[in-house]
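For my numbering, add 162 to where a residue sits in the sequence shown, where the first one is 1.
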Amino acid sequence: MTAGLHVTVDGPPDAPVLLLGSSLGTTGAMWQPQVAALTERYRVVRYDHLGHGGSVVPAGPYTIDLLGRKVLRLLDALGVARVHYAGLSLGGMVGMWLAAHAGERIDRLALLCTSASLGPAEGWRARAATVRAGRLDSIADAIVERWFTPAFAARNPDTVAGYRSMLVSTPAAGYAGCCEAIAAMDLRPDLAAVRAPTLVIGAADDPATPPEQAAAIAERIPSARLVVLDGAAHLANVERPEAVARLLAAHLDPEGVVPR
């Protein structure tokens, strides 16, 4: 654990650092489908959000500002001045905050299946209350149903079960605290301040953060590029692992060799 956040580090120690932020209710293990391809060129650092996985679990509520500042302290503890950053869902929300408020720390940015403002706030607060009451398992199936398309779930029941297990293993206080952070979040006024070259990836079948959310982000970030993947729901990196790896590789190093 570093600066209170659990990290997993892979790849050459002298390579550029790529920091990966995962979705609400998952850990850095969410990014396992991309690790082999990305570690060919990067020192890949996967962190668990505050209150998730092996990270510390303070009492909530949390804010996106708090989650972002914890990541900055993580970078300081690792001795890393500047990184590439890719984040999905909650990880993308933190990435937008970092790029807007600590732009000198972010080289290139990738935002996947995320939103700059995701209401209604009452729904997130109600979910937080349910989880604090010890009923995360009771809503887990409905959450995971939004993570994967029905076709993928039917073909890959073991994969879906593994991600459901990851979800229900999330500490209640941490999950609820992050729900409250999303409820209070509105990053839309910050997006014009993002100067990092940005790739925004949406998923055509994502009911949690639909493609129009990705388009709204891309419209507000100067010179952002939007890609919408077919055949994927919210955890697009799991359903379309090779496509996501190729898009990230091409964006992070436009002059480099893209994995096939």
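Cβ atoms here follow ideal geometry from the backbone N, Cα and C, with glycine treated the same way.
So what does DSSP say about residue i, is it helix, strand or coil?
i, result
"residue 325", "helix"
"residue 242", "coil"
"residue 173", "coil"
"residue 353", "helix"
"residue 228", "helix"
"residue 265", "helix"
"residue 209", "strand"
"residue 339", "helix"
"residue 382", "helix"
"residue 273", "strand"
"residue 200", "helix"
"residue 167", "strand"
"residue 369", "coil"
"residue 416", "coil"
"residue 278", "coil"
"residue 218", "coil"
"residue 192", "helix"
"residue 345", "helix"
"residue 334", "helix"
"residue 186", "coil"
Buried or exposed: where does residue i fall if 16 or more other Cβ atoms within 10 Å of its Cβ makes it buried?
i, result
"residue 297", "exposed"
"residue 354", "exposed"
"residue 217", "buried"
"residue 255", "buried"
"residue 244", "exposed"
"residue 359", "buried"
"residue 184", "buried"
"residue 270", "buried"
"residue 381", "exposed"
"residue 317", "exposed"
"residue 163", "exposed"
"residue 374", "exposed"
Among the residues of its own chain, which have a CB less than 7 Å from the CB of residue i, if the five just before and after it don't count?
i, result
"residue 172", "197, 201 and 206"
Hey, could you find the ends of the beta strand (DSSP E) residue i is sitting in?
i, result
"residue 363", "360 to 365"
"residue 387", "387 to 391"
Grab me the residues of residue i's own chain with a C-beta within less than 6 Å of its C-beta, minus the 5 sequence neighbours each way, in chain order.
i, result
"residue 344", "280 and 286"
"residue 350", "278 and 279"
"residue 397", "309"
"residue 357", "265"
"residue 332", "187 and 214"
"residue 342", "222, 223 and 290"
"residue 169", "207 and 209"
"residue 182", "193, 208 and 248"
"residue 386", "360, 362 and 380"
"residue 262", "352, 355 and 356"
Assuming residue i is part of the alpha helix (DSSP H), what are its boundary residues?
i, result
"residue 400", "398 to 401"
"residue 293", "283 to 294"
"residue 303", "298 to 309"
"residue 312", "312 to 317"
The ligand COA heavy atoms versus the CB of residue i: any closer than 7 Å?
i, result
"residue 309", "No copy of the ligand COA appears in this structure; indeed no ligand is present at all."
Report all residues from its chain with a CB closer than 8 Å to the CB of residue i; omit the five preceding and five following residues, and keep chain order.
i, result
"residue 220", "212, 213, 335 and 339"
"residue 292", "298, 300 and 301"
Any idea which residues DSSP pairs residue i with across the strands?
i, result
"residue 180", "206 and 246"
Please check if any C-beta of chain B sits within less than 8 Å of the C-beta of residue i.
i, result
"residue 175", "Absent here is chain B; the protein component of the structure consists of one chain."
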